[in-house]
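Q: Supplied in structure tokens, the structure appears directly below.
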Amino acid sequence: MNAGDDYRGLGWAHGALTVQRLGAMLAPVTFLLADGRQVAPMHIAPWSNEPGAEMLPGILRRLRGEWPCVPFGYSVPAEGWPESWVRVMGPPAPDEEVHGHSSNHDWTWRDSERGSLSLALAYPEASPVERVERTVRPDPSAPAIDIEFKVVVRRDCRLPIGLHPVFRLPFETGAATLELGGFDEGRTYPHDVEPGAALFARNKSFTDLASVPARAGGVTDASRLPLDADTEELLQIEGLDGTAALANHEDGYRVQLSWQKEHFPSLLLWYSNRGRKAAPWNRRHVAIGIEPICSPFGLGPATALAGNPIAQSGIATALEFSPEKPFVTRYRIEASTL
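In the UniProt record's numbering, the protein residues as written are 1 to 338.
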């Protein structure tokens, strides 16, 4: 397939979108709001078209927008973690890829209904996953996109999975607000996501996104974005109703994500706020990941399948898959005026 087929786009009365074969990532997206303004809420990494980008791992090469991850997460060294986590953390599998095979390879275009784009990806024969499929369909009557994701497996298995929407943030500190509604519990990451770039206290719980325990003591408001600090952080939220939104006050719009909470019982918030120094990040990456997951902080399959502290609390961190019944989930990204 030639390079010209690496991207396909759709336009409709309320916007335009592009999907790339690499990772089946969705972006850029332009929504036409009811007041006639055009807004582009999905993030595109600043290095996407820079020299040398093609040498990066698949997931980073043209990092953008939204895509599915099977299996979700990646293994990290257990050194310095709380004992309750260390005992369930193992080394990465030899074939482990960051956020799974689906995030790192070129998908294949499939025939699809008019007004939609569909792709599929076959997995290596050693994987319990046979293939994944994805269909992106704009809502003809609204500035919204409906997405269907399907997983077909070769044998019974349990896997952590996740969706990975990443949204653009305004330039001015605090000019956007994360709107989660009520939730049961939030958790801070039990270690450092990035050395020297921590903002939140380790391994703490909270019930208000505006009052997250801080590493320096006291609390910090994690709802107003972008953050003032140069940081790279993760928060895991439990007990949401299956919706979350980002209100961009600078640009005057709200973008809402809705998903099937029975498939994704947790929401992972990825605060990428100039915290990563190494190339290609170069302390310039500013975005928020709003990621429905069935996973423990994205710590990889071994930890997800073990009796990790989140699973022990009654929150599923891996889903059951069967070859007899393909897994299908649906979710939606929608924009509106503020």
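We treat Cβ as the ideally placed atom computed from N, Cα and C, and that holds for glycine.
Of all the options SER127, VAL219, ASP184, which has the alpha carbon lying nearest to the alpha carbon of ALA201?
A: Checking every option, the nearest Cα to that of ALA201 belongs to VAL219.
Q: At a cut-off of 7 Å, would you count ASN203 as near the ligand FAD, judging by its Cβ distance to the nearest heavy atom?
A: Among the components modelled here there is no ligand, and therefore nothing to report on the ligand FAD.
Q: Hey, out of THR108, GLU96, GLY100, whose CA is closest to VAL19's CA?
A: When each option's Cα is compared against that of VAL19, the closest is THR108.
Q: Return the bridge partner residues of MET42 from the DSSP annotation.
A: BP columns for MET42 point to PHE167.
Q: Use the C-beta contact count for ALA3: other C-beta atoms within 10 angstroms, 16 or more gives buried, fewer gives exposed.
A: Bear in mind that a pLDDT of 48 at ALA3, under 50, signals an unreliable position, so the number given afterwards is only what the model happens to contain. Classification of ALA3: exposed, given that the 10 Å Cβ count is below 16.
Q: Going by Cα to Cα distance, which pick from ARG274, ASN273, GLY275, SER258 is closest to LEU267?
A: It is SER258.
Q: What is the residue span of the beta strand (DSSP E) that GLY186 lies within?
A: 185-188 is the extent of the beta strand (DSSP E) around GLY186.
Q: Only counting the same chain, and skipping five residues up and downstream in sequence, which positions put a Cβ closer than 6 Å to that of GLN38?
A: Excluding sequence neighbours, GLN38 sits near THR30, LEU32.
Q: I believe GLY52 touches MET25 by the beta-carbon criterion, under 8 Å. Please report the beta-carbon distance rounded to the nearest angstrom.
A: Not really, about 19 Å apart at Cβ, beyond 8 Å.
Q: Taking the Cβ atom as the reference point for each residue, do GLY73 and GLY300 lie within a distance shorter than 8 Å?
A: Yes, these two residues count as a Cβ contact at 8 Å.
Q: Which one or two residues does DSSP pair with GLU320 in a beta bridge?
A: Answer is ARG158, bridged to GLU320.
Q: Could you give the DSSP three-state label for PRO138: helix, strand or coil?
A: Of the three classes helix, strand and coil, the one that applies to PRO138 here is strand, per DSSP.
Q: Report the CB separation of LEU319 from LEU121 in whole angstroms; it is logged as a contact under 8 Å.
A: In fact, because the Cβ distance is near 18 Å, the residues do not count as touching under 8 Å.
Q: For the pair the stretch 289-305 and the stretch 81-92, tell me if three or more CB-CB distances fall below 8 Å.
A: In short, these stretches touch, since the Cβ pair count reaches three.
Q: Hey, does PRO280 have any beta-carbon neighbour from chain B nearer than 8 Å?
A: Absence of chain B from the displayed structure is noted, only one protein chain being present.
Q: Roughly how many whole angstroms lie between the Cα atoms of ASN104 and ILE290?
A: Distance between the alpha carbons of ASN104 and ILE290: 20 Å.
Q: So if DSSP puts ARG274 in a beta bridge, which residue, or which two residues, is it bridged to?
A: THR231, per the DSSP bridge assignment.
Q: In the structure shown, what three-state DSSP assignment does ILE315 receive?
A: In the structure shown, ILE315 sits in coil (DSSP, three-state: anything other than H, G, I, E or B).
Q: Let me confirm a value: MET1 is counted as buried when at least 16 other C-beta atoms fall within 10 Å, else exposed. Which label applies?
A: In this prediction, MET1 scores a pLDDT of 38, lower than 50, which makes its location untrustworthy; no coordinate-derived value is stated.
Q: Give every residue of the same chain whose Cβ lies closer than 6 Å to the Cβ of HIS164, excluding the five residues on either side of it in the sequence, and list them in chain order.
A: So the qualifying residues of the chain are TRP67, CYS69, GLU291.
Q: Taking just the CA atoms, how far does PRO296 sit from PRO77?
A: Looking at the two C-alpha atoms, the distance is approximately 15 Å.
Q: Rank PRO326, HIS43, ASP208, PRO265 by C-alpha distance to the C-alpha of PHE171 and give the top, closest one.
A: When each option's Cα is compared against that of PHE171, the closest is HIS43.
Q: Just to confirm the assignment, what range does the alpha helix (DSSP H) spanning GLY9 have?
A: From DSSP, GLY9 is part of no alpha helix (DSSP H) but of the beta strand (DSSP E) over 7-12.
Q: Using C-beta distances below 7 Å, list every residue in its chain close to VAL151, excluding the 5 sequence neighbours before and after it, in chain order.
A: Correct list, in chain order: VAL70, VAL129, VAL132, PHE321, PRO326, PHE327.
Q: Using three-state DSSP, classify ALA3 as helix, strand or coil.
A: Unreliable placement is indicated for ALA3, whose pLDDT of 48 sits below 50; the coordinate value is still reported in the next sentence. ALA3: helix per DSSP, three-state reduction.
Q: Between PRO46 and VAL166, what straight-line distance do the alpha-carbon atoms span, to the nearest angstrom?
A: Their backbone Cα atoms lie some 13 Å apart in a straight line.
Q: Out of ARG110, GLY181, ALA13, TRP281, which has the shortest C-alpha to C-alpha gap to ARG61?
A: Per the Cα distances, TRP281.
Q: Can you tell which of GLY242, ASP251, ARG274 has its C-alpha closest to the C-alpha of ASP35?
A: Of the candidates GLY242, ASP251, ARG274, the one whose C-alpha sits nearest the C-alpha of ASP35 is ASP251.
Q: Thinking THR173 and LEU199 are a contact (beta carbons under 8 Å), I'd like their distance in whole angstroms, please.
A: Between LEU199 and THR173 the Cβ distance is about 13 Å, and since that is not below 8 Å, they are no contact.
Q: How big is the Cα-Cα spacing for SER127 and ILE293?
A: When rounded, the distance between both Cα atoms is 20 Å.
Q: Quick one: what's GLN260 bridged to in DSSP?
A: Partner(s): none; GLN260 has no beta bridge.
Q: Which value, in whole angstroms, describes the spacing of the CA atoms of residue 340 and ALA13?
A: As displayed, the chain neither begins before 1 nor continues past 338, which places residue 340 out of reach and without an answer.
Q: Which residue from ARG187, GLU179, PRO124, PRO138 puts its Cα closest to that of VAL153?
A: Checking every option, the nearest Cα to that of VAL153 belongs to PRO124.
Q: Taking its Cβ as the centre, do 16 or more other Cβ atoms sit within 10 Å of ALA278, making it buried, or is it exposed?
A: Classification for ALA278: exposed.
Q: Write down every uninterrupted run of the alpha helix (DSSP H) in the stretch 55-98 whose length is 4 residues or greater and which is fully enclosed by it, in chain order.
A: The stretch 55-98 contains these whole alpha helix (DSSP H) runs: 58-61, 83-86.
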